[in-house]
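Numbering (full-length UniProt numbering), first residue to last: 1 to 582.
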């Protein structure tokens, strides 16, 4: 069947304004067409004038030149040739050489090299291209100019023209070449001024964005950090087990909030750097969406807000999707909707728009009965570090990056986040995605979390970590699962431990350690103990390239700090053969 195409499934640049800024400023492609049409117009004028004064051979040669320029412009318009500029310059230089062969130097046609030389920086981006291309243009023109001078001085003209014809044509050529040079020089000055002004403006915007970023993140990170420090001090003074449990719950909430802010910053940084990648897996779309809704149903169980899910039956199908990124988008919109909804409902509606044997197009809508958003603010909420505030929501916090990140992720997926809202009447966020249908069985995604007792009591773990607090936290987490843990504070200590006991079930290795770092240590470990799985244990920002480098270095997997204890247990079980729930 035919591939499904719709308004949602279009290739989208992750940041078209940013990536096309210099292209738009330079307007190279547009100016190249303008140069071609200008050369065509000048050629037509000179061809008519040559015919008028009786220089018919020259007129015919110029007419052929005009035809060649027109042909190249049309071919470029049809994408049949890659580079229009070099074609035009080559034809111009070829024409001038032919005119010198025909007329000699007496008609001063070689003066057209000067406006052509001025035109080079207008149609070739000298600042952001490799030096080869401008060099080719200048080289062609120097060669053609020298050829014209040599031919004009040493080769007799092929045609005989009267002194009057030559004088009149020389006068026209001088004025036309001079006028063209002045116009092109003025245009070059104008475009360079425009370019510099935009670069200065962009620099100011970057400075303002950084200032806004620091101010926002300073507030958003200090707020949960203040809560963490305050609760720690209260815990020191509190003896009541009930109150301690309450404080620990607040501590966990503040830490989770702070981690979310950091994750938002890192995701935003990845997107800005163009390093965010999608990794589709096979999922049951209906089950996946129900799982996304489930935590929010639990969270709102004792509130005045009901979480609803309206999932089209046709979505009970296996598709290829990046479940983590799609979850991030839906979770963010859901969390915002719940944050700004005091009564009523928040509903996810997923509808099948089109379906065939290969693809399915789905419309997603998340609707709430919350405070709504003013028309004037609806564009701003998709900008980084911006939030909607009113009298009743001043206490609500966040970086303002959430919807920006969602929109960028959806752009990578070929979609765009849309908003319909009215102040006081709720909001409706929607987007559409087209998924490829999978024909293999997915990994099971349960509708309810499966209990995992995290039993690692048969395992002996070597933990190499130079930070004593991180060591204490990780060691406590592992021993709580029953594992036996031996500690090392650098790579040399880790190797010494392995020499004493080479039968560790798994090694957790920090990357940045004194004496010997994780990269050096894993090389030595794999050389001597190739069967021992080694897991990178790091707080670094690990993108796909870094993960590939880690795997190539000998690591079997990677765990990011701060870590979730259950995630740590799962990764260890994966590489030691311990079954979940055993």
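By construction, the Cβ of each residue, glycine as well, lies at the ideal position given by its N, Cα and C atoms.
Span of the beta strand (DSSP E) around residue i
{"i": "residue 432", "result": "427 to 437"}
{"i": "residue 556", "result": "No beta strand (DSSP E) holds residue 556; DSSP gives it neither H nor E."}
{"i": "residue 344", "result": "344 to 355"}
{"i": "residue 111", "result": "Looking at the DSSP string, residue 111 is not in any beta strand (DSSP E), and its letter there is neither H nor E."}
{"i": "residue 92", "result": "Element bounds for residue 92: not the beta strand (DSSP E) but the alpha helix (DSSP H), 84 to 103."}
{"i": "residue 284", "result": "281 to 284"}
{"i": "residue 469", "result": "No beta strand (DSSP E) holds residue 469; the alpha helix (DSSP H) holding it covers 468 to 480."}
{"i": "residue 488", "result": "484 to 488"}
{"i": "residue 509", "result": "506 to 510"}
{"i": "residue 361", "result": "359 to 368"}
Cut-off 6 angstroms between Cβ atoms - residues of its own chain near residue i, not counting five sequence neighbours on either side
{"i": "residue 147", "result": "97"}
{"i": "residue 545", "result": "none"}
{"i": "residue 316", "result": "286"}
{"i": "residue 342", "result": "none"}
{"i": "residue 106", "result": "166"}
With 16 other Cβ atoms within 10 Å as the buried cut-off, status of residue i
{"i": "residue 154", "result": "exposed"}
{"i": "residue 533", "result": "buried"}
{"i": "residue 159", "result": "exposed"}
{"i": "residue 179", "result": "exposed"}
{"i": "residue 472", "result": "exposed"}
{"i": "residue 302", "result": "exposed"}
{"i": "residue 37", "result": "exposed"}
{"i": "residue 457", "result": "exposed"}
{"i": "residue 233", "result": "exposed"}
{"i": "residue 237", "result": "exposed"}
{"i": "residue 370", "result": "buried"}
{"i": "residue 242", "result": "exposed"}
{"i": "residue 284", "result": "buried"}
{"i": "residue 502", "result": "exposed"}
{"i": "residue 87", "result": "buried"}
{"i": "residue 367", "result": "buried"}
Coarse secondary structure for residue i, derived from DSSP in three states
{"i": "residue 138", "result": "helix"}
{"i": "residue 336", "result": "helix"}
{"i": "residue 535", "result": "strand"}
{"i": "residue 415", "result": "coil"}
{"i": "residue 151", "result": "helix"}
{"i": "residue 204", "result": "helix"}
{"i": "residue 252", "result": "helix"}
{"i": "residue 307", "result": "strand"}
{"i": "residue 119", "result": "helix"}
{"i": "residue 421", "result": "strand"}
{"i": "residue 278", "result": "coil"}
{"i": "residue 456", "result": "coil"}
{"i": "residue 321", "result": "strand"}
{"i": "residue 562", "result": "coil"}
{"i": "residue 107", "result": "coil"}
Contacting residues, own chain, Cβ-Cβ under 8 angstroms from residue i (five flanking each side not counted)
{"i": "residue 553", "result": "519, 522, 523"}
{"i": "residue 73", "result": "33, 36, 37, 40, 84"}
{"i": "residue 201", "result": "none"}
{"i": "residue 124", "result": "28, 85, 133, 134, 137"}
Span of the alpha helix (DSSP H), counted from its first residue to its last, around residue i
{"i": "residue 53", "result": "It is not in any alpha helix (DSSP H) - residue 53 carries neither H nor E in the DSSP assignment."}
{"i": "residue 460", "result": "Note, residue 460: premise wrong, no alpha helix (DSSP H); beta strand (DSSP E) at 460 to 464."}
{"i": "residue 566", "result": "565 to 576"}
{"i": "residue 160", "result": "No alpha helix (DSSP H) holds residue 160; DSSP gives it neither H nor E."}
{"i": "residue 316", "result": "Counting along the chain, residue 316 falls outside any alpha helix (DSSP H), and DSSP gives it neither H nor E."}
{"i": "residue 522", "result": "518 to 528"}
{"i": "residue 372", "result": "Counting along the chain, residue 372 falls outside any alpha helix (DSSP H), and DSSP gives it neither H nor E."}
{"i": "residue 494", "result": "491 to 500"}
Nearest-angstrom Cβ-Cβ length linking residue i and residue j, presumed shorter than 8 angstroms
{"i": "residue 90", "j": "residue 140", "result": "6 angstroms"}
{"i": "residue 363", "j": "residue 430", "result": "7 angstroms"}
{"i": "residue 119", "j": "residue 184", "result": "5 angstroms"}
{"i": "residue 282", "j": "residue 330", "result": "Incorrect: roughly 18 angstroms between the Cβ atoms, too far for contact."}
{"i": "residue 494", "j": "residue 475", "result": "The pair is not a contact, with the Cβ atoms about 14 angstroms apart (cut-off 8 angstroms)."}
Proximal residues to residue i (C-beta, below 7 angstroms), its chain only, five neighbours per side dropped
{"i": "residue 372", "result": "421, 422, 423, 424, 425, 426, 427"}
{"i": "residue 311", "result": "286, 289, 290, 350"}
{"i": "residue 70", "result": "40"}
Contact with chain B by residue i, beta-carbon distance below 8 angstroms
{"i": "residue 350", "result": "Annotation note: the requested chain B is absent from the structure, which comprises a single protein chain."}
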